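Heads up: the structure comes next, in structure tokens.
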Amino acid sequence: QKEVEQDPGPLSVPEGAIVSLNCTYSNSAFQYFMWYRQYSRKGPELLMYTYSSGNKEDGRFTAQVDKSSKYISLFIRDSQPSDSATYLCAMISGGSNYKLTFGKGTLLTVNP
Amino acid sequence: GAGVSQSPSNKVTEKGKDVELRCDPISGHTALYWYRQSLGQGLEFLIYFQGNSAPDKSGLPSDRFSAERTGGSVSTLTIQRTQQEDSAVYLCASSPYGGRQETQYFGPGTRLLVL
């Protein structure tokens, strides 16, 4: 079992839909959680960073962490065609300062 | 300002040849990371440099892989005697100091194809 599991999709939604992306993890040492967005043939870019259970909101994006269930989510409201990309969850354990462990990514397409 | 740059963008090589991949981090960033992104495995940590400290090489998949960072700036990832399973996108990232709450800024990657 991989440390971080993420449904690779692909996920296709109409413009304006609410998108839910999820990851589960098995290592309880993970304490810091991130979502990256990666456009085709580009490097990943950080979208959201959280380090506690609960919700964090930034514009149309909401990151949710449930450490008791080892489950994290990213919600995108009013999705736009420009949101079409691969979304990667990533985590850092409390014992590491820098080593990101990634999910495999979910490919999202938002259709106009 | 300029982001992380990597060269070449694409590299096609024959099995058994050596390749060198280059990363120029964001100016002033002391922490530099290499990752590999492949279809089967996703994005995997390879190696980490921070200032003058000994690098963390724990993610390198075999002794055919090595990396160096000269003068605390540019880094080169070398793959010797390339194999077809080395085909992947090699991503470099940098951050100011290497702390866990820092954003790691990624370059566009080098796409390596081993024939």
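Sequence lines, in order, name chains Z and H.
Going by the numbering used here, the residue at position 90 of the first sequence is 90; the numbering climbs one at a time, nothing skipped.
Going by the numbering used here, the residue at position 93 of the second sequence is 205; the numbering climbs one at a time, nothing skipped.
Each residue gets a CB set at the ideal place from its N, CA and C atoms; glycine is no exception.
Values in this document were obtained by computation on a predicted structure and should not be read as measured data.
- In this structure, K129/H sits near T194/H, with a CB-CB distance shorter than 7 Å.
- By the beta-carbon neighbour count (other beta carbons within 10 angstroms, threshold 16), S79/Z is buried.
- Counting along the chain, G54/Z sits inside the beta strand (DSSP E) bounded by residues 54-58.
- A straight-line Cα-Cα distance of about 5 Å links T101/Z and M91/Z.
- For S187/H, the enclosing beta strand (DSSP E) has its first and last residue at 187-191.
- Proximity of chain Z to A143/H at the Cβ level (cut-off 7 Å) is accounted for by Y98, in chain order.
- Between F161/H and chain Z, the shortest Cβ-Cβ separation is not below 7 Å.
- At least one beta carbon of chain H lies nearer than 7 Å to the beta carbon of Y32/Z.
- Below 8 Å, enough C-beta pairs join the segment 157-175 of chain H and the segment 137-147 of chain H to call them touching: three or more.
- An exposed status is given to G59/Z, since fewer than 16 other beta-carbon atoms sit within 10 Å of its beta-carbon.
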